[in-house]
Structures are given as structure tokens and as C-alpha cells.
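Beneath this line is the structure, given in C-alpha cells, with notes to follow.
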Amino acid sequence: MNRPADKPGSGAKLVVIGGGFAGLWATRALAKAPLDITLIDRANHHLFQPLLYQVATAGLSAPDIAAPLRQILRDQANVRVLLAEVSGIDLPHKTVTLQGGQQLPYDQLLVASGATYSYFGHDEWAPHAPGLKTLDDALLIRRRVLLAFERAEAATTEEEQQAWLHFAVVGGGPTGVELAGTLAEIARHTLRQEFRRIDPRRAQVRLIEAGPALLASFPPRLQQRTRTQLERLGVEVQCGTPVADITATGYRLGDRVESCRTVLWAAGVAASPLGSMLGAEIDRAGRVKVNADLTLPGHPDVFVAGDLAAVLQPDGRPVPGVAPAAKQMGSHVAATLKARLKGQPSTPFVYADYGNLATIGRMAAVVDGQNAGDASYKSLAANPNGAAMQAALDLVFKGKEQPSGYTEPLLHAWRLKVKAGA
Ligand SMILES: Cc1cc2nc3c(=O)[nH]c(=O)nc-3n(C[C@H](O)[C@H](O)[C@H](O)COP(=O)(O)OP(=O)(O)OC[C@H]3O[C@@H](n4cnc5c(N)ncnc54)[C@H](O)[C@@H]3O)c2cc1C
Numbered sequence: 118m119n120r121p122a123d124k125p126g127s128g129a130k131l132v133v134i135g136g137g138f139a140g141l142w143a144t145r146a147l148a149k150a151p152l153d154i155t156l157i158d159r160a161n162h163h164l165f166q167p168l169l170y171q172v173a174t175a176g177l178s179a180p181d182i183a184a185p186l187r188q189i190l191r192d193q194a195n196v197r198v199l200l201a202e203v204s205g206i207d208l209p210h211k212t213v214t215l216q217g218g219q220q221l222p223y224d225q226l227l228v229a230s231g232a233t234y235s236y237f238g239h240d241e242w243a244p245h246a247p248g249l250k251t252l253d254d255a256l257l258i259r260r261r262v263l264l265a266f267e268r269a270e271a272a273t274t275e276e277e278q279q280a281w282l283h284f285a286v287v288g289g290g291p292t293g294v295e296l297a298g299t300l301a302e303i304a305r306h307t308l309r310q311e312f313r314r315i316d317p318r319r320a321q322v323r324l325i326e327a328g329p330a331l332l333a334s335f336p337p338r339l340q341q342r343t344r345t346q347l348e349r350l351g352v353e354v355q356c357g358t359p360v361a362d363i364t365a366t367g368y369r370l371g372d373r374v375e376s377c378r379t380v381l382w383a384a385g386v387a388a389s390p391l392g393s394m395l396g397a398e399i400d401r402a403g404r405v406k407v408n409a410d411l412t413l414p415g416h417p418d419v420f421v422a423g424d425l426a427a428v429l430q431p432d433g434r435p436v437p438g439v440a441p442a443a444k445q446m447g448s449h450v451a452a453t454l455k456a457r458l459k460g461q462p463s464t465p466f467v468y469a470d471y472g473n474l475a476t477i478g479r480m481a482a483v484v485d486g487q488n489a490g491d492a493s494y495k496s497l498a499a500n501p502n503g504a505a506m507q508a509a510l511d512l513v514f515k516g517k518e519q520p521s522g523y524t525e526p527l528l529h530a531w532r533l534k535v536k537a538g539a
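Just so you know, we're using the working numbering here: the sequence shown kicks off at 118 and counts up by one.
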């Protein structure tokens, strides 16, 4: 019997690098196009990064936010999924090189390999302050956080105990805010009665932001509310001082050295290194400056989308590195490829802004943007318990194209949490 994968399309070869929001949305939207698509990802799953912090803080388990790419694309006959790391792109010869040396030819290429964390030139901090980008990162952070409480319980001196009960989150953007808020709640609520020698409520959770305020892209009113809400949860917010050093035993803020065994990194974004291999102009974060239709300047057959693409909105502001933008870019690339098959010209990408959201613990969230769905606001007002998660899902899943078998487990997990009053 012929399985769908045995019957690839008979058209031009499209190689998609990255099965994240941009790459997967483009691939899905091309389900009926006469193209031979190869989707390459170094992970075997598509990851819902906005809820990574929930896995990192033991609120969700890994399968709740990850779905196998093969399963998502099982019924799409014109796609082959390849688990591999792309190490090079040869534009003149139209080939993609995989780690190990294998080369794949393409007629059209979509580079959607996303972004990662930047340690601002201090890569030596990475082992001491893990960032949150992949499932492995989230599981590492979860292990470190839970182990820290265990080490504190076993500590033999007050000093040692305090160092293990000190949690520092570097970076006051949405991820830092979400991590710090959830950590404070774990300490104050979840673990409250689990230990005998320590009182987890004494844990010190500090959120450190080099800039003057948290959530730099939000209006000042929401920045202040975020700070107030975090402080209510017991988070110590420290703005205006960059971290000067991070070691295995602590960190330095200005002249002050703080003993701390758990530092988490949520600052600084750097685009995937594949961007700099494309020979185009890149911005400070390494994102590729693309044409209005998301093609690479001088290479109409190469597209760049998602976090890796530097695209300006009509008012001059950059399109933000968020999931809805990546999905929209992926869909736009697919629309352009379909138009080309009909001999039609491409159109400029226009970003529809649904707003920004950051959750603060279980009970609160800040949402910025008049275009954010009304439903999100209503559910936020009507059901503060779990409303943050609902609003996040509403915002990120807005739009019609949802991979099957992907939203369901997530929504299910969310419903279970809401039911349990978690
Ligand atoms: C912790 C965290 C929280 C976030 N919270 C939110 C939020 O609340 N709301 C929101 O809208 N956005 C949020 N974002 C941002 C959002 O996740 C990104 O904007 C979005 O994932 C970008 O999509 P993308 O397709 O460009 O890249 P990604 O989703 O990162 O996908 C890139 C894919 O490329 C693969 N890849 C990378 N390099 C290679 C290579 N060399 N070879 C093969 N494969 C490769 C990766 O494995 C990955 O699957 C968050 C991000 C993080 C990290």
C-alpha cells in the first residue's frame, strides 16, 4: 500500500529550514501545492515556546507543548520531514548542507530557523545561567529549580541554605516576568508544605533588568502594574543595573556579589547563525533584512521568515519576534509561492498586530494592544483563574491555520489546570 510519504508531489523542490511557527505554517499552507517539500529541523517536534516557562516550572509536561513534526504532517503527501541540523547554505549552487556533509538541492528555499539567546559576549555565563528556548532547556531549568529546594533542605549552614533559596532571573521581558512570577508562586504556594527543615516561602526570587523598567515594549502604565503585581507575589524587582558577572556560586550586580545557586537567563536575543550565511545585510540582533515580500535581496527564490527576518512595519517599527508574526510570515511565503505557480506577482508582507501578553503567575496577565481579540479581554475579566493561559492561547492561536493534533493537547492541559483551580 502506498503511504502518503511514498507519493511526493512532482513539482519544484522547496526546502524549508525550521519546523517552528514560520516554517510549519508555510508548509501546512502549501499542502495542495504541486511542490516537493523537504522540511528540515534539528528537533523532531514543533514546540509551543510561549508555554516553555510552564514546563520549566513544572506546571506542564513536555508533551503538552510539543508535537512530533512527522505526526503533524503525516497526511500531507507533498512533504518529507528530515531530522537534521543545517550547517551551511550555498546560494550560487542552490544547495543546503547538513551536518555530516550531505547536500540537498533546492529550487526554492525558506529559511525559518528562528532565534536563540545572546549572552552579550559572555558565553562563559551560559553554563551557570541557562536560557529558555528548547524543551531540553526547560527540563534543565526545571531540574535545577527543584534540586535547589532539595539542596537547601539538606544544607548544613544558614548561608548555604540561603544561596540555594535565592533564584535570580536576568532579563525583564515577558519570559523573565513569567519565569519570576511562577517561581515565586512555586515557593509561596506549590512547595509550601513539602519540606521540613526549610520554609520555601523564604525563597528570594529576584528579577534583574538592566533597563529602567520591565517589559520594555509595553506602555509605562502596564510596566508599573507588572512590577506591582510581581512584588505582590514576593518577587524582588531590580531595574537599572546590569549583571556584571555570573559564576557557579553567584552573580555580581555593580560592586555587590550575591550568593545564588540558580540564575536563569531571559535577556538578549540573537538570530539563528544561518542568517549571517546568507550574505545579506543583518541587523544588530543578526536578523536578515529582507525585501517587502520576505525574499532575500538579490535572491527571489530564497525567503526568510519568522524571528530570523528583520521586517519593518509602515510606521518604521520592526515586526516583533512573536509567534503570530512568524505564523503570518510563513503563511505569506506560502501565498507568494502559490501566486508564482499561477504566474502572479508577489505582494508585500503586512503584519496584523494582535497585541502583546505576559502572564504574571496564575492569576494575572498584562495584555497590550487594541487589536488583541475581544474574547481575550472578556475571558480575562470573567475568569481570572487560568485566564492568563486562555488569553495567551487566544492570541497565539488566532488565525485559521492550526496544525491538527497540536492545539488540542494544549487546550486540554489548560482546561485541566483551570478545572483544578491551578
Ligand atoms: C521562552 C519563550 C517564550 C515566548 N513567549 C512568547 C509569547 O508569549 N507569545 C509569542 O507570541 N511569542 C513568544 N515567544 C516567541 C515565539 O516563540 C517566536 O517568535 C516564534 O517561535 C518564532 O517562530 P520561528 O518559526 O521564527 O522560530 P522557532 O519557532 O524558534 O522555530 C525555529 C525552528 O528551527 C529549528 N532550527 C534552528 N536552527 C536550525 C538548524 N541549523 N538546522 C535545523 N533546524 C534548525 C529549530 O529547532 C526550531 O524548530 C517566546 C519565545 C520563547 C523562547
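All C-beta atoms, glycine included, are put in the ideal place defined by N, C-alpha and C.
DSSP-derived helix/strand/coil call for residue 130: Locating residue 130 in the sequence shown gives position 13, where the first residue counts as 1. Of the three classes helix, strand and coil, the one that applies to residue 130 here is strand, per DSSP.
State the beta-bridge partners of residue 225 as determined by DSSP. On the sequence shown, residue 225 is found 108 positions in, with the first residue counted as 1. Paired residues: 131.
Could you give the distance in angstroms between the alpha-carbon of residue 584 and the alpha-carbon of residue 208? Residue 584 is absent from the structure shown; the chain starts at 118 and stops at 539.
Using a Cβ-Cβ distance under 9 Å, would residue 384 count as near chain B? Absent from the structure: chain B. Only one protein chain is present.
Could you pull out every residue in the same chain whose Cβ sits closer than 8 Å to the Cβ of residue 376, ignoring the five residues on either side in sequence? By 1-based counting over the sequence shown, the position of residue 376 is 259. Hits under 8 Å: 276, 279, 280, 283, 366 and 367.
Ligand 1 and residue 163: does any heavy atom of the ligand fall closer than 8 Å to the residue's C-beta? Stepping through the sequence shown from its first residue, residue 163 is reached at position 46. For ligand 1, at least one heavy atom lies less than 8 Å from the Cβ of residue 163.
From 171, 248 and 140, pick the residue whose C-alpha is nearest to that of residue 475; which is it? Residue 475 sits at position 358 when you count from the first residue of the sequence shown. The option with the nearest alpha carbon to residue 475 is 171.
To the nearest angstrom, how far is it from the Cα of residue 305 to the Cα of residue 398? Here residue 305 is taken as the residue at index 188 of the sequence shown, counted from 1. Here residue 398 is taken as the residue at index 281 of the sequence shown, counted from 1. Their Cα atoms are separated by approximately 48 Å.
Can you look up residue 427 in the DSSP assignment and give me helix, strand or coil? Counting from 1 along the sequence shown, the entry for residue 427 is found at position 310. Correct three-state label for residue 427: strand.
Straight-line gap, residue 462 to residue 416 (C-alpha atoms, nearest Å): By one-based count along the sequence shown, residue 462 stands at place 345. By one-based count along the sequence shown, residue 416 stands at place 299. Taking the straight line from one Cα to the other gives about 15 Å.
Near ligand 1: residue 477 beta-carbon under 8 Å from a heavy atom: Translated into positions along the sequence shown, residue 477 becomes position 360. Residue 477 Cβ: outside cutoff for every heavy atom of ligand 1.
Taking the alpha carbon of residue 421 as the point to measure from, which residue in 232, 153, 130 and 163 has its own alpha carbon closest? Here residue 421 corresponds to residue number 304 of the sequence shown, with the count starting at 1. Minimum Cα distance to residue 421 is reached at 232.
With DSSP run on the structure shown, which of helix, strand or coil describes residue 147? Walking along the sequence shown from the start, residue 147 turns up at place 30. Reduced to three states, the DSSP call for residue 147 is coil.
Beta carbon of residue 335: closer than 8 Å to some heavy atom of ligand 1? In the sequence shown, the residue the question calls residue 335 occupies position 218. No.
Using a 10 Å radius around the Cβ and a threshold of 16 neighbouring Cβ atoms, would you call residue 467 buried or exposed? Numbered from its first residue, the sequence shown carries residue 467 at position 350. With fewer than 16 Cβ atoms within 10 Å of its Cβ, residue 467 is classed as exposed.
For residue 207, the first and last residue of its enclosing beta strand (DSSP E): Working through the sequence shown from its first residue, we reach residue 207 at position 90. Unbroken beta strand (DSSP E) run through residue 207: 203-207.
Between residue 251 and ligand 1, is there a pair consisting of the residue's CB and a ligand heavy atom that are separated by less than 8 Å? Here residue 251 refers to the residue found at position 134 when the sequence shown is read from its first residue. Checking the Cβ of residue 251 against ligand 1 gives yes.
Round the Cβ separation of residue 419 and residue 228 to the nearest angstrom and send it over; I've been treating them as touching at under 8 Å. Within the sequence shown, numbered from 1, the residue matching residue 419 stands at position 302. Within the sequence shown, numbered from 1, the residue matching residue 228 stands at position 111. Going by Cβ atoms, the distance from residue 419 to residue 228 rounds to 7 Å, so yes, they are a contact pair.
Rank 203, 180, 166 and 247 by C-alpha distance to the C-alpha of residue 394 and give the top, closest one. As a first step, residue 394 is located in the sequence shown; it is residue number 277 there, counting from the start. The shortest Cα separation from residue 394 among 203, 180, 166 and 247 belongs to 203.
Proximity of residue 380 and residue 363 at Cβ, strictly below 9 Å: Start at 1 with the first residue of the sequence shown, and residue 380 comes out as number 263. Start at 1 with the first residue of the sequence shown, and residue 363 comes out as number 246. The answer is yes: Cβ separation under 9 Å.
At a cut-off of 8 Å, is residue 202 close to ligand 1 when judged by its beta-carbon and the heavy atoms of the ligand? The residue labelled residue 202 in the question sits at position 85 within the sequence shown. Residue 202 Cβ: within cutoff of ligand 1.
Residue 138 CB to nearest heavy atom of ligand 1 below 8 Å: Position 21 of the sequence shown, counting from 1, holds the residue named residue 138. Yes, ligand 1 has a heavy atom inside 8 Å of this Cβ.
Three-pair Cβ contact test at 8 Å for the stretch 451-462 versus the stretch 244-251: no
Reference residue 156; option with closest CA among 178, 174, 189 and 175: Here residue 156 is taken as the residue at index 39 of the sequence shown, counted from 1. Out of 178, 174, 189 and 175, 189 has the C-alpha closest to the C-alpha of residue 156.
Considering only the beta carbon of each residue, do residue 325 and residue 374 sit closer than 9 Å? Walking along the sequence shown from the start, residue 325 turns up at place 208. Walking along the sequence shown from the start, residue 374 turns up at place 257. It is not a contact, given that the beta carbons lie outside the stated cut-off.
Whole runs of the alpha helix (DSSP H) within the stretch 307-331, excluding any shorter than 4 residues: none
Here's the rule I'm using: 16 or more other beta-carbon atoms within 10 Å means buried, otherwise exposed. How should residue 138 be labelled? Residue numbering aside, residue 138 sits at position 21 when the sequence shown is read from its first letter. So residue 138 ends up on the buried side.
Report whether the distance from the Cβ of residue 368 to the nearest heavy atom of ligand 1 is below 8 Å. Position 251 of the sequence shown holds residue 368. Incorrect: residue 368 has no Cβ contact closer than 8 Å to ligand 1.
Return helix, strand or coil for residue 435, following the three-state DSSP convention. Counted from its first residue, the sequence shown places residue 435 at position 318. Three-state DSSP puts residue 435 in a strand.
Count Cβ pairs between the stretch 264-272 and the stretch 314-329 that sit closer than 8 Å; are there 3 or more? yes
Give me the Cα-Cα distance between residue 411 and residue 330, rounded to the nearest whole angstrom. Residue 411 sits at position 294 when you count from the first residue of the sequence shown. Residue 330 sits at position 213 when you count from the first residue of the sequence shown. One C-alpha to the other measures close to 33 Å.
Which of helix, strand or coil does DSSP assign to residue 369? Here residue 369 is taken as the residue at index 252 of the sequence shown, counted from 1. Of the three classes helix, strand and coil, the one that applies to residue 369 here is strand, per DSSP.
Relative to the C-alpha of residue 297, which residue among 240, 130, 158 and 344 is closest? Residue numbering aside, residue 297 sits at position 180 when the sequence shown is read from its first letter. Selected option, being the one with the closest Cα: 344.
For the alpha helix (DSSP H) containing residue 465, name the first residue and the last one. In the sequence shown, residue 465 corresponds to position 348, counting from 1. First-last for residue 465: undefined, no H or E at that position.
Taking residue 196 as part of the beta strand (DSSP E), name the residues at either end of that continuous run. Position 79 of the sequence shown, counted from the first residue, corresponds to residue 196. Run containing residue 196: 196-200, per the beta strand (DSSP E) assignment.
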